[in-house]
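Numbering (the numbering used here), first residue to last: 53 to 241.
All C-beta atoms in this analysis are idealised placements derived from N, C-alpha and C, irrespective of residue type, glycine included.
Here's the structure we're looking at; comments come further down.
Listed below in C-alpha cells is the structure:
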C-alpha cells in the first residue's frame, strides 16, 4: 500500500488501485475531479444538464479500462474518455451533423435565392471535402469545430501540439484547394 498518496504519480496511483488500494483511487479522483468537471462544463455549454451524467460515465469508463492504462499522464487519458463520452452524448441528443445545422441557420437568414443556393453548394462541397481528408486531419478539424484548443487536441490524439497544428494546416490547405472552384464562381456540371 502507498502511504502518502499526494506525492505519487498518477501511474503509481493507478497501479496501487489495481492492486486493491482504495485510498489510491480516492487521491486520483480528488486530483482529477475539478479539472474533469471544468472540462465537461466548458465543452457542454449547450447541454449543461448532462454534465453530471457525463462526469459519472467518464469515471465509470475510466475504472473499467484502468487495467489497460499505460500512459504516464492520467489526465489526458481521462479527458480523451470524457471527450468521446461527450461526443457520444451529443450524437444521441442531436443526430444531425453541424454542417446541416449551419445550413438551416443560413436558410433562415432570408438569403436571396441565389445566395442560398450558393451557400447550400458550399456546405455540400465542404462536407465532401472534409470526408476526403486523412483520418488524423479530419479528427483535428472535427475537434476544433467543438472549440477544443490545440493542446487538448494534441492530448486526445496523443501527439505533439506541433503535429496537431501541422495536421490542421494541411487540412485547411486541402479544404481551400477543394473549395477553390466554388469560391471562384465555377460550378461542377
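{"Asked": "Proximity winner among 178, 184, 217, relative to residue 231 (alpha-carbon distances)", "Found": "178"}
{"Asked": "Rounded straight-line distance, which links the Cα of residue 214 to that of residue 202", "Found": "9 angstroms"}
{"Asked": "Minimum C-alpha distance to residue 185 - residue among 121, 219, 68", "Found": "219"}
{"Asked": "Residue environment, residue 95, which counts as buried when at least 16 other CB atoms sit within 10 Å", "Found": "buried"}
{"Asked": "Alpha carbon of residue 60 to alpha carbon of residue 84, nearest angstrom", "Found": "14 angstroms"}
{"Asked": "At least 3 beta-carbon pairs within less than 8 angstroms: the segment 104–115 vs the segment 125–139", "Found": "yes"}
{"Asked": "Status (buried if at least 16 other CB within 10 Å, exposed otherwise) for residue 62", "Found": "buried"}
{"Asked": "Minimum C-alpha distance to residue 102 - residue among 139, 116, 226", "Found": "139"}
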